[in-house]
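Enquirer: Here's a structure for you.
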């Protein structure tokens, strides 16, 4: 049986005169793009350029909502009420939908960013607020959520198509959560190590933590962070390795029936 998986990257994370990552190269490798919506990065012109490039490359579009934290790149924790969080996520999804419409495309998934994602991964209330925002804007949107997280559970509970995501370039702790970027070893920079880890996740259905613990996982989608200096080399090697093993790369909408 052929394994099918989605490759995604967080893109459009420049702002004004400031560029971040090599979006054009990444769009030639991944199948889905998570586009920053202006809160942690991105602005209307950056969003428009990213959307146009993604559509030209046949890459599906996702909103990448975050905490309102430009200076901290959305990686600093914030405490918001469920009502404010729900409205904040809906606002950002709507912003990208408007840009996509002007470019002749449409948003098909939503993936929370940074601290918002990491906090919601272990917080039921936050996860449900994000899920309600997604469903309220468009119940056909795919919720791209960290594998095994409270977000994935919330998405299924709300009846959303829910894709579970693993990370090629991140280390995991013994609870199956991402190791904090503040700790050594949180990022994986060796493309071969990353590819080996992803193949294990796909073929064996397990994540191996930093201590060697084997944690069962479902992997519909694999993320390579677009803002890392090694992103293009990492993503290129990963796609080449997966395809050499007979793995089929698809967009999230193409995989929808498998969620």
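Residue numbers (the numbering used here): 103 to 361.
Here a beta-carbon is modelled for each residue, glycine too, at the ideal position from N, C-alpha and C.
Using three-state DSSP, classify residue 141 as helix, strand or coil.
Expert: Here residue 141 is taken as the residue at index 39 of the chain shown, counted from 1. Correct three-state label for residue 141: coil.
Enquirer: Which complete beta strand (DSSP E) runs does the stretch 281–338 hold, if anything under 3 residues is left out?
Expert: With a minimum length of 3 residues, the continuous beta strand (DSSP E) runs that stay inside the stretch 281–338 are 308–310, 316–318 and 323–325.
Enquirer: Over the uninterrupted alpha helix (DSSP H) stretch that includes residue 112, give me the two end residues.
Expert: Working through the chain shown from its first residue, we reach residue 112 at position 10. Element bounds for residue 112: not the alpha helix (DSSP H) but the beta strand (DSSP E), 106–113.
Enquirer: Please specify which runs of the alpha helix (DSSP H), each continuous and at least 4 residues long, are wholly inside the stretch 192–278, giving them in chain order.
Expert: 216–222, 226–239 and 252–259
Enquirer: Just reading off the beta strand (DSSP E) that residue 162 is part of, what are its end residues?
Expert: Here residue 162 refers to the residue found at position 60 of the chain shown. Start and end: 162–166.
Enquirer: Which residue wins for smallest C-alpha separation from residue 195, given the options 283, 209 and 246?
Expert: On the chain shown, residue 195 is found 93 positions in, with the first residue counted as 1. The shortest C-alpha separation from residue 195 is found at 209.
Enquirer: Would you list the residues sitting across from residue 350 in a DSSP beta bridge?
Expert: The residue given as residue 350 occupies position 248 in the chain shown. Residue pairing of residue 350 in beta bridges, as defined by DSSP: 106.
Enquirer: In angstroms with no decimal places, state the Cα-to-Cα distance between residue 153 and residue 298.
Expert: Position 51 of the chain shown holds residue 153. Position 196 of the chain shown holds residue 298. Each residue's Cα considered, the two are about 31 angstroms apart.
Enquirer: Which of helix, strand or coil does DSSP assign to residue 135?
Expert: Counting from one through the chain shown, the residue named residue 135 turns up at place 33. Three-state DSSP puts residue 135 in a strand.
Enquirer: Taking the straight line between their C-alpha atoms, what separation do you get for residue 254 and residue 264?
Expert: For the purposes of this step, residue 254 is identified with residue 152 of the chain shown, where counting begins at 1. For the purposes of this step, residue 264 is identified with residue 162 of the chain shown, where counting begins at 1. Straight across, the Cα-Cα distance linking residue 254 with residue 264 is about 6 angstroms.
Enquirer: Are the beta-carbon atoms belonging to residue 155 and residue 115 less than 8 angstroms from one another?
Expert: Here residue 155 corresponds to residue number 53 of the chain shown, with the count starting at 1. Here residue 115 corresponds to residue number 13 of the chain shown, with the count starting at 1. Taking 8 angstroms as the Cβ cut-off, residue 155 and residue 115 do not qualify as a contacting pair.
Enquirer: How far does the alpha helix (DSSP H) with residue 172 in it extend, from its first residue to its last?
Expert: Along the chain shown, read from residue 1 onward, the residue named residue 172 stands at position 70. Premise fails: residue 172 is in no alpha helix (DSSP H) and is neither H nor E.
Enquirer: Enumerate in chain order the residues of its own chain whose CB-to-CB distance from residue 179 is below 7 angstroms, with the five nearest sequence positions on each side excluded.
Expert: By one-based count along the chain shown, residue 179 stands at place 77. The residues are 217 and 221.
Enquirer: Taking the alpha-carbon positions, what's the residue 212 to residue 169 distance?
Expert: Within the chain shown, the letter at position 110 stands for residue 212. Within the chain shown, the letter at position 67 stands for residue 169. Approximately 14 angstroms, taken between the alpha carbons.
Enquirer: Does the contact criterion of 3 or more C-beta pairs under 8 angstroms hold for the stretch 160–174 versus the stretch 128–142?
Expert: yes
Enquirer: Look at residue 363 and residue 241 and say whether their C-beta atoms are less than 8 angstroms apart.
Expert: For the chain, the structure presents residues 103 to 361; residue 363 sits outside this window and is missing.
Enquirer: Could you work out which residue in 129, 269, 243 and 232 is closest to residue 321 when comparing CA atoms only?
Expert: Here residue 321 refers to the residue found at position 219 of the chain shown. Here the closest residue by C-alpha is 269.
Enquirer: Near residue 239, which residues of its chain fall below 7 angstroms by C-beta distance, leaving aside the five closest residues on each side in sequence?
Expert: Here residue 239 refers to the residue found at position 137 of the chain shown. So the list reads 192, 195 and 196, once near-sequence residues are dropped.
Enquirer: Should residue 317 and residue 326 be called a contact, given that it needs their Cβ atoms to be closer than 8 angstroms?
Expert: In the chain shown, counting from the first residue as 1, residue 317 sits at position 215. In the chain shown, counting from the first residue as 1, residue 326 sits at position 224. Contact flag unset, no.
Enquirer: Please identify the residue among 235, 133, 129 and 225 whose C-alpha is closest to the C-alpha of residue 261.
Expert: One-based indexing of the chain shown puts residue 261 at position 159. Taking only the C-alpha atoms, the option nearest residue 261 is 235.
Enquirer: Less than 8 angstroms between the CB atoms is what I'm expecting for residue 267 and residue 323, so what's the real figure, rounded?
Expert: Here residue 267 is taken as the residue at index 165 of the chain shown, counted from 1. Here residue 323 is taken as the residue at index 221 of the chain shown, counted from 1. At roughly 5 angstroms, the Cβ-Cβ gap stays under 8 angstroms, so residue 267 and residue 323 are in contact.
Enquirer: Ends of the alpha helix (DSSP H) at residue 359?
Expert: The sequence position of residue 359 within the chain shown is 257, counting from 1. In the DSSP assignment, residue 359 falls outside any alpha helix (DSSP H) and carries neither an H nor an E.
Enquirer: Quick one: measure Cβ to Cβ for residue 128 and residue 337, integer angstroms, because I've assumed they're closer than 8 angstroms.
Expert: Counting from one through the chain shown, the residue named residue 128 turns up at place 26. Counting from one through the chain shown, the residue named residue 337 turns up at place 235. Going by Cβ atoms, the distance from residue 128 to residue 337 rounds to 6 angstroms, so yes, they are a contact pair.
Enquirer: Please go through the same chain and pick out, in chain order, the residues whose beta-carbon is closer than 6 angstroms to the beta-carbon of residue 272, but skip the five residues on each side of it.
Expert: To locate residue 272, count along the chain shown from 1; it is residue 170. Cβ within range, chain order: 280.
Enquirer: Considering only C-alpha positions, which residue in the set 306, 207 and 160 is nearest to residue 352?
Expert: Translated into the one-based positions of the chain shown, residue 352 becomes position 250. Cα-wise, what sits closest to residue 352 is 160.
Enquirer: Which same chain residues end up closer than 7 angstroms to residue 349 when comparing Cβ atoms and leaving out the 5 residues on each side of it in sequence?
Expert: For this step, residue 349 is matched to residue 247 along the chain shown. Taking residue 349 as the centre and dropping the five residues before and after it, the same chain places the C-beta of 105, 107 and 304 closer than 7 angstroms to its C-beta, in chain order.
Enquirer: Go to residue 155, then tell me how far its alpha helix (DSSP H) extends in each direction, as first and last residue.
Expert: For the purposes of this step, residue 155 is taken as the residue at position 53 of the chain shown. It spans 146–158 - the alpha helix (DSSP H) in which residue 155 sits, taken as one unbroken run.
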